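Since the structure comes first, as structure tokens, the remarks are kept for the end.
Protein chains: 2
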Amino acid sequence: MELSERRKKILSIVVEEYIETAEPVGSKTVLQRGCLSCSSATVRNDLAALEQEGYLEQPHTSAGRIPTAKGYRFYVNELMKEQKLTAEETEQINATLSSKIEELDKLMSDVGNLASELTHYPALAVTSGTPATIKRFDLIYIDQNTFIIVLLLSNNAVKNKLIHLPFSFEEDMIRRLSAVFNASFTGIKDDEITTNLIVSTERSVGDVMGLTSVIAGFAIDVLSSTKVSEGVISGSENLLKLPEFQDPTKAHKLMSYLSTSADFNNLPNLSPSGDVKVLIGPENVAEELKDSSVILASYDAGDNMKGIIGVVGPTRMDYSNVAAKLSYIAEGLSQLLGGSSRPPTGFGKLMIKGDDS
Amino acid sequence: MELSERRKKILSIVVEEYIETAEPVGSKTVLQRGCLSCSSATVRNDLAALEQEGYLEQPHTSAGRIPTAKGYRFYVNELMKEQKLTAEETEQINATLSSKIEELDKLMSDVGNLASELTHYPALAVTSGTPATIKRFDLIYIDQNTFIIVLLLSNNAVKNKLIHLPFSFEEDMIRRLSAVFNASFTGIKDDEITTNLIVSTERSVGDVMGLTSVIAGFAIDVLSSTKVSEGVISGSENLLKLPEFQDPTKAHKLMSYLSTSADFNNLPNLSPSGDVKVLIGPENVAEELKDSSVILASYDAGDNMKGIIGVVGPTRMDYSNVAAKLSYIAEGLSQLLGGSSRPPTGFGKLMIKGDDS
DNA sequence: AGTTAGCACTCGAACTTCCTGAGTGCTAAA
DNA sequence: TTTAGCACTCAGGAAGTTCGAGTGCTAACT
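Here the protein sequences line up with chains A and B, keeping their order. Numbered continuously in my numbering, the first sequence closes out at residue 359. Numbered continuously in my numbering, the second sequence closes out at residue 359.
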């Protein structure tokens, strides 16, 4: 059954008031907060009806109402007004983004910190790669025991490793290996680097010392590591300020879930690049999150990478505000990192790809 | 004045009992815990005396005694017995260390996690570099807009960056630049890369497109980044299980200090490589740590790098146990990473230097 | 001088009891 | 369908009470 306009309004007030105060909302409060032209008795009737329908619940008989997960969901879907960020907020986001954008290896944790600072909730930042191939293979001869492997990947990341071996080899051998690897190991995926391939490479170069397998091993490591998602959690201490986490046991449960078992490969299963997803209370799959809400926004991290930023908080979360902020950050990141439409941002900023960890 | 043997024993019992239970310790408890051949009245006299001397204090008149910072300090310096780790514990440490040692970029956070799991306290892991120089410069030409810079540093780390420019250049120019940089930019520190040096390099190669300054800029970035310390904090949620942090405000204060303002450059000012340092309560400089204790152990991370692992907890901390664990971890790390005495650990493990992030 | 038994005293923690008031649901009138 | 009126409920805080672990002190003992 469709809700009457007044009931929608009342539900909306209850949700917003409860988000703000964390206290059950009574008929009187609803009246004085919203500009309704009816009496408290009417509001009471409506509150009872909304409870009947499952949008609200009562902690105990003589208390006001608090929204249920269904109530929040309805609010988020139908009632919530899009919130505009203030000029300061957009300014702060812009500043952080542009100042941090050059240090790619720290980007993830910086983005997490930004999100958690802005929202005052624990924030997560995840980057998930798509399988890459090797675009270019280089071996740099250093001395008779040492050389460097440099890999340029299809996503334009550069990976390297210094190899130091207890036996010596010729510069020429390294040069030949470099050429052969460039010929046979480029453009293929990690599981295509088979023992057969390695053995045949070994033969064709005349490598009897196992250099080939060392190099191939590194290539496999690098390629398979492009597939996994990595993530960080920032600002979980923010939970402790919230009234719902005054009980240290609760706080501990959620925090240790976040810091240990939160697996980033699994969590954000659905998320079309660009928009925002809200998971309210029991909508979360993880048992530990059943009393919490999660808001996720995804962005295009360029180089075939997808990034997700998210925020974890109590179901009583300022959905509108948080969603606006995350969405703005994600948009900014997509613009700064996304491959196609990157605006030139001055000379130094042109060097934005790479791996300077 | 020197403490009598019995008073030492009593102090020791009070400290250990309080560490275990977090409850003020009374004369009766002391008696039944330790094998003292005297009556509770005697113990009471001694307790009063120890309080007089400043080793103990009373939360309120009708309660037992708890150790003061001075009491803990005396205990740590004089009374504490060195604790041997159990076989399982050393086993767990060894396993984690050897399984994790190949992923150098994640090592720090892994070590932090290990320490915090073992001790059940928040743990910090810091690596501080010593200023490095460039040992070898390589530029890899990719296409007319793109090349890779590869730097081999004096500490054997390899850094790289993909440079993509909006204008084109010749392969030969890149080759010449590579040679010139190898000649003039190796062996010098970051502040020796002056505008003069850049300009004269530019002239000598005939670079009119500013390639030189792009490359030099990257070199400066890399060299100056070797000087800073980086650190991570793991497992701060462990605080919430401790009785002294049941008050969420307290927990929040310490946790946000740890996650934000804890500056790793400053904290571990003194620490001769190898042994363990204990900072008790007010001995800490940071205001936020005055009620907590910190235990630090440093290790040799090889390549001229020093690492520190530490643990933060209440003054009521199991000093003996934590110190033993940290010391064991630090020792293991030094052995695995330290330059000189590295034992061969199988073929694959020989590739332990490098930067495969 | 150091140790012990005995005893009166203290005071926080925990458990009662009581009270208050915010908020309700219901009924009857508009 | 809305409203005014009213009796009812019940969590949470204030005040009072009890309980007992632990103390310090004194006086006797070794």
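For glycine and all other residues, C-beta sits at the position ideal for the given N, C-alpha and C. What you are looking at is a predicted structure, and each value in this text was computed from that prediction instead of being measured.
By the Cβ rule, the region 60-77 of chain A does not count as touching the region 306-313 of chain A, because fewer than three pairs are nearer than 8 angstroms. Considering only A/Q146, A/K191 and A/K255, the residue with the shortest C-alpha distance to A/I176 is A/Q146.
By the Cβ-count criterion, A/H254 is buried, with 16 or more other Cβ atoms from all chains shown falling within 10 Å of its own Cβ. Note that the C-beta distance between B/K191 and B/T135 is below 7 angstroms. The C-beta distance from A/A125 to A/S236 rounds to 5 angstroms, short enough to meet the 8 angstroms contact threshold. DSSP, reduced to helix, strand and coil, places A/A43 within a helical segment of the structure shown.
Only residues of its own chain outside the window of five on either side were considered, and among them T98 have a CB closer than 6 angstroms to the CB of B/L116, listed in chain order. The C-alpha of B/L328 is placed about 6 angstroms away from the C-alpha of B/A299. In the DSSP assignment, A/E4 falls outside any alpha helix (DSSP H) and carries neither an H nor an E. Scanning chain A for C-beta atoms nearer than 9 angstroms to the C-beta of B/S258 yields G237, E239, N240 and L242, reported in chain order.
For B/H166, the enclosing beta strand (DSSP E) has its first and last residue at V160 to H166. Residue range E173 to S186 is occupied by the alpha helix (DSSP H) that includes A/A181, with no beta strand (DSSP E) assigned at that position. Contact check for B/S29 against B/R9 fails: the beta carbons are separated by 7 angstroms or more. Counting along the chain, no alpha helix (DSSP H) covers A/R138; the unbroken beta strand (DSSP E) around it starts and ends at I136 to D145. For the pair B/K11 and A/G131, the Cα-to-Cα distance works out to about 60 angstroms.
Here the region 220-231 of chain A lies against the region 187-204 of chain A, with 3 or more beta-carbon pairs under 8 angstroms apart. For A/D48, the secondary structure class from DSSP, reduced to helix, strand or coil, is helix. Secondary structure note for A/P316: its beta strand (DSSP E) is the uninterrupted segment K308 to P316. Where A/A127 is concerned, the enclosing beta strand (DSSP E) starts and stops at A125 to S130. In this structure, B/S294 is the residue among B/S180, B/L335, B/R67 and B/S294 with its C-alpha nearest to the C-alpha of B/M319. Contact note: B/Q248 reaches chain A through P250, using a C-beta cutoff of 7 angstroms and chain order. For the region 126-148 of chain B, residues whose beta-carbon sits nearer than 7 angstroms to a beta-carbon of chain A comprise R138, D140, I142 and I144. Nearest C-alpha to A/S261 among A/P250, A/A89, A/G233 and A/S322: A/G233. In the DSSP assignment, A/S295 falls outside any alpha helix (DSSP H) and lies within the beta strand (DSSP E) extending over S294 to D302. Distance from B/S180 to B/D140 at the Cβ level is roughly 6 angstroms; contact confirmed, criterion being Cβ atoms closer than 8 angstroms. Contact of A/A253 with chain B is assigned, a C-beta pair being separated by under 7 angstroms. Between A/I151 and A/K137, the C-beta gap is not smaller than 7 angstroms, which leaves the two residues out of contact. For a cut-off of 8 angstroms, the C-beta gap from B/L244 to B/M257 is around 12 angstroms, too long to register as a contact.
Boundaries of the alpha helix (DSSP H) around B/K252: P250 to S258. Residues of the region 159-171 of chain A with a Cβ closer than 9 angstroms to any Cβ of chain B, in chain order: A159, V160, K161, N162, K163, L164, I165, H166, L167 and P168. Contact between B/L38 and B/L81 does not hold, since their C-beta atoms are separated by about 15 angstroms, which reaches or exceeds 8 angstroms. The secondary-structure analysis by DSSP pairs B/S236 across a beta bridge with B/A125. For A/V152, a Cβ of chain B is located within less than 7 angstroms of the residue's own Cβ. As computed with DSSP, A/F149 is found in a beta bridge with A/Y143 and A/I165. Residue A/P69 holds the alpha-carbon nearest to the alpha-carbon of A/I282 among A/P69, A/D48, A/H62 and A/T44. Here the alpha carbons of A/E18 and A/Q54 stand approximately 20 angstroms from one another.
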